[in-house]
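Here is the structure we will look at.
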Amino acid sequence: MIVFIYGTTAEAIKLAPVMRRLDARGIEYQQWVTFQHTEALRTAMPQLGLRAPDRVIADGWRGKPLKKPIQMVGWMTTVGLWTLKNLGSLRRAPRPSIVLVHGDTMTTVLGTFIGRLAGLPVAHVEAGLRSGDWRHPFPEELDRRIVGRLAEVHYAPTDETASNLSARRNVIVTHGNTVKDAVRDSAAKRPTEPRGHDAEEPYGLVLLHRFEFISNVALVRDTLQTLNDHSPVALQVVVDSYSRDAIESVIEQMGLDRLSTAPKLEHAAFVERLQNAHLVVTDSGGVQEETAVFGIPTLIHRMATERNEGLGTSALLSRWDQDIVRRFLQEADTHRAGNDEATASPSDIIVEDLLARGYGSPA
Numbered sequence: 525m526i527v528f529i530y531g532t533t534a535e536a537i538k539l540a541p542v543m544r545r546l547d548a549r550g551i552e553y554q555q556w557v558t559f560q561h562t563e564a565l566r567t568a569m570p571q572l573g574l575r576a577p578d579r580v581i582a583d584g585w586r587g588k589p590l591k592k593p594i595q596m597v598g599w600m601t602t603v604g605l606w607t608l609k610n611l612g613s614l615r616r617a618p619r620p621s622i623v624l625v626h627g628d629t630m631t632t633v634l635g636t637f638i639g640r641l642a643g644l645p646v647a648h649v650e651a652g653l654r655s656g657d658w659r660h661p662f663p664e665e666l667d668r669r670i671v672g673r674l675a676e677v678h679y680a681p682t683d684e685t686a687s688n689l690s691a692r693r694n695v696i697v698t699h700g701n702t703v704k705d706a707v708r709d710s711a712a713k714r715p716t717e718p719r720g721h722d723a724e725e726p727y728g729l730v731l732l733h734r735f736e737f738i739s740n741v742a743l744v745r746d747t748l749q750t751l752n753d754h755s756p757v758a759l760q761v762v763v764d765s766y767s768r769d770a771i772e773s774v775i776e777q778m779g780l781d782r783l784s785t786a787p788k789l790e791h792a793a794f795v796e797r798l799q800n801a802h803l804v805v806t807d808s809g810g811v812q813e814e815t816a817v818f819g820i821p822t823l824i825h826r827m828a829t830e831r832n833e834g835l836g837t838s839a840l841l842s843r844w845d846q847d848i849v850r851r852f853l854q855e856a857d858t859h860r861a862g863n864d865e866a867t868a869s870p871s872d873i874i875v876e877d878l879l880a881r882g883y884g885s886p887a
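Just add 524 to the spot in the sequence shown (first one is 1) and you have this note's numbering.
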């Protein structure tokens, strides 16, 4: 049996292509969900074609999103208590079984611990990413290093990420991240129509949500001011429950009239919006990967990134330097690149490997 343990919207988006391919083959699997994200994940799951969870490990913090450190501690405690309570049944799970986790969230780490405590091998999707500095991004870099030591199978997106796991066995290069399949699948469902004479004006998308950015008020103000003053197109700032208050209050207080806010869209609609954007400014690793598929000029507004997608072609790292932000906005068209739609399917590679290892049986 194949068990997916996940808890964030991004994990669901990136694991859904693997699950869809298992569905197409009639292969049985289960989903154990921590709801590290609550409302957003519940909304996303049916949109991604995912059925209801087989096991709910936790439900955020008392059903609410995790916005404060104390809530994260409470949620982690709930996950730990669930694991202890269910350890007996977990150890009696049908064999052969394997646990799949994704990325670098707290759910990735906790899911790995659950798999190991249950006596099951753990496979890590998006393995081997390293920034080289455990402080950036934090705690994601530590999460990856922990899971890298505990997982038995490592699905590394590139040869470079695989080289970071040279001391590990069972490293499989997937030739990209599964987000490539997520974007392709979504684009196929919602083909983009050519723009007519009545098409909307060119726009850019801004997606900034990471805690280290949102919690730095001076950085938020400086960044939004720079974007407002120097962008060649009007900018739509996509906000969620974590970033809305910080972003909207600054836009209103500073009178930034070239910035407007917009709510998050379901993934297929977001991909369509992304395809038509003139430029993108983001601190999301997932969005960085998505824009690289289409070659969209992208500013990665972080101190460091562990991802290479787009760097040197469509993407530029800002290191929170406002001069770099200004230069990117002025020279955005020079970062436009060709799309990456014709390459291999990472999800197909993962499914083939799982079946070759003897995991998965017809439902």
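C-beta: ideal position from N, C-alpha, C; glycine also.
Keeping to the same chain, check which residues put their C-beta closer than 6 Å to that of Gln-554; ignore five residues upstream and five downstream.
The residue given as residue 554 occupies position 30 in the sequence shown. Taken in chain order, the residues that qualify are Val-527, Asp-578.
List the DSSP bridge partners of Trp-844.
Sequence index remark: in the sequence shown, residue 844 carries index 320 (1-based). Residue pairing by DSSP places Trp-844 opposite no residue, since no beta bridge is assigned to it.
Report the rounded CA-to-CA distance for Pro-821 versus Ser-784, giving the unit in angstroms.
Along the sequence shown, read from residue 1 onward, the residue named residue 821 stands at position 297. Along the sequence shown, read from residue 1 onward, the residue named residue 784 stands at position 260. C-alpha separation (whole angstroms): 20 Å.
Using the rule of at least 16 other Cβ atoms within 10 Å of the residue's Cβ for burial, across every protein chain shown, is Gly-627 buried or exposed?
Your numbering for residue 627 matches position 103 in the sequence shown. Its Cβ being crowded by 16 or more others within 10 Å, Gly-627 is buried.
Looking at the structure shown, is Ile-537 part of a helix, part of a strand, or coil, going by DSSP?
As a working note, residue 537 is residue 13 in the sequence shown. Of the three classes helix, strand and coil, the one that applies to Ile-537 here is helix, per DSSP.
Have a look at Val-901 and Gly-584 and give me their C-alpha separation to the nearest angstrom.
Nothing can be reported for residue 901, as the shown portion of the chain is limited to 525 through 887.
CA-CA distance, Ala-861 and Pro-756?
In the sequence shown, the residue the question calls residue 861 occupies position 337. In the sequence shown, the residue the question calls residue 756 occupies position 232. Rounded to whole angstroms, Ala-861 to Pro-756 spans 18 Å at the Cα level.
Between Val-677 and Thr-632, how many whole angstroms is the CB-CB distance? I'm expecting something under 8 Å.
Numbered from its first residue, the sequence shown carries residue 677 at position 153. Numbered from its first residue, the sequence shown carries residue 632 at position 108. Going by Cβ atoms, the distance from Val-677 to Thr-632 rounds to 14 Å, so no, they are not a contact pair.
Are there 16 or more other CB atoms within 10 angstroms of the CB of Leu-546, so buried, or fewer, so exposed?
Position 22 of the sequence shown, counted from the first residue, corresponds to residue 546. Looking at its Cβ environment, which holds 16 or more other Cβ atoms inside 10 Å, Leu-546 is buried.
For His-678, the residue or residues it bridges with in DSSP
As a first step, residue 678 is located in the sequence shown; it is residue number 154 there, counting from the start. Note: His-678 sits in a beta bridge opposite His-648, Val-695.
Let me check understanding here. Comparing Cα to Cα, which of Pro-618, Leu-539, Leu-666 lies closest to Leu-624?
In the sequence shown, the residue the question calls residue 624 occupies position 100. With respect to the C-alpha of Leu-624, the residue from Pro-618, Leu-539, Leu-666 having the closest C-alpha is Leu-539.
On a Cα-Cα basis, can you pick out the residue from Asp-845, Ala-642, Glu-830, Tyr-727 that is closest to Arg-616?
Indexing the sequence shown from 1 puts residue 616 at position 92. Nearest C-alpha to Arg-616: Ala-642.
What's the C-alpha gap between Thr-702 and Thr-533?
What you label residue 702 is simply residue 178 of the sequence shown in a count that begins at 1. What you label residue 533 is simply residue 9 of the sequence shown in a count that begins at 1. Their Cα atoms are separated by approximately 14 Å.
Thinking Ala-675 and Gly-652 are a contact (beta carbons under 8 Å), I'd like their distance in whole angstroms, please.
What you label residue 675 is simply residue 151 of the sequence shown in a count that begins at 1. What you label residue 652 is simply residue 128 of the sequence shown in a count that begins at 1. The C-beta distance from Ala-675 to Gly-652 rounds to 10 Å, too long to fall under 8 Å, and the pair is not in contact.
With which residues is Val-557 paired in a DSSP beta bridge?
Here the question's residue 557 lines up with position 33 in the sequence shown. Answer by DSSP bridge pairing, in chain order: Tyr-530, Val-580.
Can you tell me which of the three DSSP states His-660 falls into?
As a first step, residue 660 is located in the sequence shown; it is residue number 136 there, counting from the start. For His-660, the three-state secondary structure derived from DSSP is coil.
So what does DSSP say about Ile-622, is it helix, strand or coil?
Residue numbering aside, residue 622 sits at position 98 when the sequence shown is read from its first letter. Three-state result, Ile-622: strand.
Within 10 Å of its beta-carbon, does Asp-574 have 16 or more other beta-carbons around it, so buried, or fewer, so exposed?
Your numbering for residue 574 matches position 50 in the sequence shown. Strictly speaking, residue 574 in this sequence is Leu, with Asp absent from that position. That one is buried.
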